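Some notes on the structure that comes next.
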Amino acid sequence: MKKSKIIGALLGCGCMAFASAWGSAGDGSFTMADFASVDKVDIHVHINTTDTALIDQAAADHFRLLTINVDYPDFPALAEQRRVAHALVAAHPERLAYAAAFSMQGWDEPDWQQKVIQLLDSEFAHGAVAVKVWKNIGMSFRDAKGKLVMIDDPKFDAVFEFIRRRNKVLIGHLGEPRNCWLPIEQMTVNGDKEYFREHPQYYMYKHPEMPTYEEQMAARDRMLDRNPQIKFMGAHMASLEWSVDRLAAFLDRYPNAVVDLAARMGQVQFQSNQDREKVRRFFIRYQDRLLYGTDTAQNARDKGQELRHEAHETWLRDWRYLNTEETFKDPELDAPVHGLGLPRDVVRKIYSANAERWYGNPWHAAEPHAAAPTSQVSK
Ligand SMILES: [Zn+2]
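Numbering (the numbering used here), first residue to last: 3 to 381.
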């Protein structure tokens, strides 16, 4: 605890050499051998079936999970996502927590807010720890007059105020990676090239009539300006994945915001290939504001063994990048990647302590190990 505070203070005055040397020391970082035993949280997955393949792999790899419901047309209807989340969380409370979502259907009706609040009240009673809003707000949903609804629309405020009063987290996947507004050949990571080829409806470079990247970010910021007390988790690095400088400015401006790293490690690696020390400095400085996640999705059609293998490989690859100083190949980039070798204290926060703090440790209650007397849980 003390050590990381000292480093934080040093970083503030720009004394990077010491922090870097300390973090690079062999005993300062976890190794690949530590992966299996360190307690970890993947704060961004989507389990859309009651099959337990991902939960089983999480147990094998010492992960707890947050499965996030989302108003996404490629996923089952929200009612089905709710049914799955309720069943899985009830069966695996030590392993799985969930985030609810609401639909934009009925937006133009006068009782839309009231209905959404009723739904969220019921979801919180089922144990939901957060509510996710998705990029359909800002990128596809239109009101009865044909106007695109943005996230700073005042009609959301009553809903956000309800979430805040219940001390739940608002998870926002708003906008898209900046690559979405670029021609394919200028995109920085392979995953984006593939996704936007396959989802032209969300590929904004092809839709110049739609809001720009900066307009999406500005709408999100105006929403946070109006709801400064809400606990916000910017999914996918708050769509500021392309620049640790921009993300640092966002985190400085919004002290009640954290971000997850889900499905954006490639963009981080793209930056660390250009300036590794700068990216490493960012992780150390914002160690309390970053939550590990992958965006792994499990759908009914997925084969359990394949899904388990993929999830395990993704978790291992990210562990290698964040913890070791190895040079290796990541499918997101054509060039090899050099691991950040982050200090253990920083990794513990990014991998579990921040998630527990932000979400009130929803996995804790039924954890078999938690049976120990509280006096043993020392600070
Ligand atoms: Zn997701």
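Ideal Cβ positions, reconstructed from N, Cα and C, are used throughout, including at glycine. It should be emphasised that the depicted structure is a prediction, and the values quoted were computed from it without experimental measurement.
Going by C-alpha to C-alpha distance, which of the options sits closest to residue i?
{"i": "residue 297", "options": "311, 308, 316 and 306", "result": "316"}
{"i": "residue 102", "options": "39, 305, 70 and 127", "result": "70"}
{"i": "residue 82", "options": "63, 105, 66 and 95", "result": "105"}
{"i": "residue 173", "options": "124, 261, 210 and 88", "result": "261"}
{"i": "residue 327", "options": "96, 344 and 358", "result": "344"}
{"i": "residue 304", "options": "143, 41, 241 and 54", "result": "54"}
{"i": "residue 111", "options": "145, 96, 244 and 100", "result": "145"}
{"i": "residue 347", "options": "286, 359 and 301", "result": "286"}
{"i": "residue 99", "options": "31, 170 and 149", "result": "170"}
{"i": "residue 178", "options": "202, 206, 168 and 190", "result": "206"}
{"i": "residue 68", "options": "36, 237, 218 and 271", "result": "237"}
{"i": "residue 58", "options": "307, 198 and 149", "result": "307"}
{"i": "residue 355", "options": "283, 30, 234 and 43", "result": "43"}
{"i": "residue 352", "options": "65, 35 and 52", "result": "65"}
{"i": "residue 337", "options": "291, 309, 284 and 276", "result": "276"}
{"i": "residue 258", "options": "290, 284 and 244", "result": "290"}
What is the DSSP secondary structure of residue i, counted as helix, strand or coil?
{"i": "residue 266", "result": "coil"}
{"i": "residue 207", "result": "helix"}
{"i": "residue 291", "result": "coil"}
{"i": "residue 235", "result": "strand"}
{"i": "residue 300", "result": "strand"}
{"i": "residue 329", "result": "strand"}
{"i": "residue 337", "result": "coil"}
{"i": "residue 25", "result": "Any answer about residue 25 is weak, because its pLDDT of 41 lies below 50 and its placement is not dependable; what the coordinates show is given next. Helix at residue 25."}
Express the C-alpha separation of residue j and residue i in angstroms, rounding to a whole number.
{"i": "residue 72", "j": "residue 135", "result": "7 angstroms"}
{"i": "residue 266", "j": "residue 311", "result": "20 angstroms"}
{"i": "residue 119", "j": "residue 160", "result": "8 angstroms"}
{"i": "residue 115", "j": "residue 158", "result": "8 angstroms"}
{"i": "residue 74", "j": "residue 138", "result": "8 angstroms"}
{"i": "residue 365", "j": "residue 185", "result": "42 angstroms"}
{"i": "residue 41", "j": "residue 247", "result": "30 angstroms"}
{"i": "residue 152", "j": "residue 231", "result": "20 angstroms"}
{"i": "residue 359", "j": "residue 63", "result": "22 angstroms"}
{"i": "residue 84", "j": "residue 222", "result": "26 angstroms"}
{"i": "residue 281", "j": "residue 325", "result": "13 angstroms"}
{"i": "residue 241", "j": "residue 190", "result": "14 angstroms"}
{"i": "residue 183", "j": "residue 294", "result": "26 angstroms"}
{"i": "residue 154", "j": "residue 38", "result": "42 angstroms"}
{"i": "residue 125", "j": "residue 87", "result": "10 angstroms"}
Kindly provide the ranges of any beta strand (DSSP E) runs that are 3 or more residues long and lie completely inside the region 147–204, ordered along the chain.
With a minimum length of 3 residues, the continuous beta strand (DSSP E) runs that stay inside the region 147–204 are 171–174.
Jot down the residue ranges of each uninterrupted alpha helix (DSSP H) in the region 35–103, minimum 4 residues, whole runs only, in chain order.
Runs found: 55–62 and 80–93.
Runs of 3 residues minimum, wholly inside the region 113–145: which ones carry the beta strand (DSSP E) assignment?
Correct list: 132–135.
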